[in-house]
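Take the sequence shown: its letters are residues 1296 to 1648, numbered as in our numbering.
Below is one structure, written out as structure tokens, with a few remarks after it.
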Amino acid sequence: MYLPFFLITLFLSGSLGISILRRPEYQTDDYYTYEEIQEFLKGLEKSYSKRVRLTDIGRSYENRKLTTITITNGDGRKDKNVIFIDAGFHAREWLTHTTALKAINELVVNFEENKDLLKNYDWIVLPLVNPDGYTFTRSGEKFTNETIVCNSERDVKCWRKNRQPNDGNCIGTDPNRNFAKGWGEGVTSNDPCNFTFMGTSPFSAPESKAVGKEILSLANSRRGIMYLSFHSAIGNIMYPWSYDSIDAENAEEHIEVAQSAVDAIAKVNSMVSSNYSVIPGYKLYPAGGTSSDFAYDVGFPLSYTVELPDSRGDLVFKFHPPTDLIKELVEETWIGLRAMAKKVIQLYPVKRS
Ligand SMILES: [Zn+2]
């Protein structure tokens, strides 16, 4: 009497059943927690093992894994160019991780639609650079979709830095002021209580160190072509330099690639689309020690900080868009990112010698 039921259960939980049942589904109903992001990545690795590989590139100060996902088309070629994306440097910039996960989902789950982006390129994505800071921002009252104005870091939802202790009472280093290029220049601070604290030396924050190592290794192998770091919320696509008022040598190429995103977004969503400005980073304000300056400095020919939008129509949401807007915001950004990638593949079709 128990046997048929047992067999059905065995079948459902067997290898075939499990891969169908556990295939992860990308959702935009709410913001992912750190644990949910890890779970999503692990699910993809399990379901798409021929095209996906996870790597722990380091640990956060509180010992959370910093996990990259390498996405390929599964043909086994090892010398392809690479687009490297990260998100979530700043704890309160909640839209950035889910934007990175959207790109991952498009490249892995919607592979057939996007396989032209993986023919001669691999993509490496680190969806959450600062898991400690982000987890801290979720430790207060539950997010209620009300607009939160972050004038200081007093509200836990407005925390920006990592959670590394300093001498004295103040916690945290700004991981995007902790890279080696132009460290200490521009809008940053050597005061550990300041929300742009640059750290005690370049790469003193373990999160920046791990990302820096990854960038350097991709630049040294000459596979790294475009680096892109998602931040929010200003609505700019910024290219080097940030640390000083100088334009990158190939500023025009940077503008051409970024403009393809702006145009693609405007085409599909002309009524309410975000109107990105394409500017050199210093035009927002000079800031040294940023990841995108570092990537460009060590040899990525294209390097961007993408500041996601802060508003939709009349609604200003800054770092925490209401959850019912997540879907259209991440879809819009993917359209822009795909256009940028297509342009990059056109400009750099083969590996540089
Ligand atoms: Zn930021």
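Every residue, glycine too, gets a C-beta built ideally from N, C-alpha and C.
Which term fits L1610, buried or exposed, when burial requires 16 or more other beta carbons within 10 angstroms of its beta carbon? As a first step, residue 1610 is located in the sequence shown; it is residue number 315 there, counting from the start. With a threshold of 16 other beta carbon atoms within 10 Å, L1610 falls short and is exposed.
For ligand 1, any of its heavy atoms closer than 8 Å to the Cβ of H1615? On the sequence shown, residue 1615 is found 320 positions in, with the first residue counted as 1. Not one heavy atom of ligand 1 sits closer than 8 Å to the Cβ of H1615.
So, are the CB atoms of F1589 and F1492 less than 9 Å apart? Sequence index remark: in the sequence shown, residue 1589 carries index 294 (1-based). Sequence index remark: in the sequence shown, residue 1492 carries index 197 (1-based). Against a cut-off of 9 Å, the Cβ pair of F1492 and F1589 comes out as no contact.
Contact check, Y1429 vs G1383 under 8 Å by CB: the rounded distance? Locating residue 1429 in the sequence shown gives position 134, counting from the first residue. Locating residue 1383 in the sequence shown gives position 88, counting from the first residue. About 6 Å separates the two Cβ atoms, so the contact holds.
Start and end residues, beta strand (DSSP E) containing H1526: Taking the sequence shown and counting its residues from 1, the one referred to as residue 1526 is at position 231. Note, H1526: beta strand (DSSP E), 1519–1527.
Unbroken beta strand (DSSP E) run spanning R1348, endpoints: The count along the sequence shown starts at 1 and reaches residue 1348 at position 53. Per DSSP, the continuous beta strand (DSSP E) segment holding R1348 begins and ends at 1347–1354.
Pick from I1364, K1504, G1519, V1424: whose alpha carbon is nearest that of F1595? Taking the sequence shown and counting its residues from 1, the one referred to as residue 1595 is at position 300. Among I1364, K1504, G1519, V1424, the Cα nearest to that of F1595 is on G1519.
Please indicate yes or no: does the CB of R1455 lie closer than 8 Å to some heavy atom of ligand 1? Translated into positions along the sequence shown, residue 1455 becomes position 160. Result yes, Cβ under 8 Å from ligand 1.
When you compare only the Cα positions, how much space is there between Q1459 and E1407? For the purposes of this step, residue 1459 is taken as residue 164 along the sequence shown, with counting starting at 1. For the purposes of this step, residue 1407 is taken as residue 112 along the sequence shown, with counting starting at 1. So the alpha carbons of these two residues sit roughly 42 Å apart.
Which class does A1634 belong to by DSSP, given the choice of helix, strand or coil? For the purposes of this step, residue 1634 is taken as the residue at position 339 of the sequence shown. A1634 sits in a helix when the DSSP states are folded into three classes.
Enumerate in chain order the residues of its own chain whose CB-to-CB distance from V1625 is below 7 Å, with the five nearest sequence positions on each side excluded. Counting from 1 along the sequence shown, the entry for residue 1625 is found at position 330. Listed in chain order, the non-local C-beta contacts of V1625 below 7 Å within the same chain comprise T1323, T1393, T1394, K1397, local neighbours out to five positions each way being set aside.
What residue ranges within the stretch 1326–1386 form continuous beta strand (DSSP E) runs of no fewer than 3 residues, ordered along the chain? As for any beta strand (DSSP E) of minimum length 3 sitting wholly inside the stretch 1326–1386, the runs are 1347–1354, 1360–1366, 1376–1382, ordered along the chain.
Ligand 1 heavy atom lying under 8 Å from the CB of F1589: Counting from 1 along the sequence shown, the entry for residue 1589 is found at position 294. Checking the Cβ of F1589 against ligand 1 gives no.
Output the distance between the C-alpha atoms of L1316 and K1476, rounded to the nearest integer angstrom. Within the sequence shown, numbered from 1, the residue matching residue 1316 stands at position 21. Within the sequence shown, numbered from 1, the residue matching residue 1476 stands at position 181. In this prediction, L1316 has a pLDDT of 49, which is less than 50 and means its spatial position is unreliable; what the coordinates show is noted afterwards. Using only the alpha carbons, I get a separation of about 47 Å.
DSSP state of V1404, grouped into three classes? Looking up residue 1404 in the sequence shown gives position 109. Here V1404 carries a coil assignment [DSSP, helix/strand/coil].
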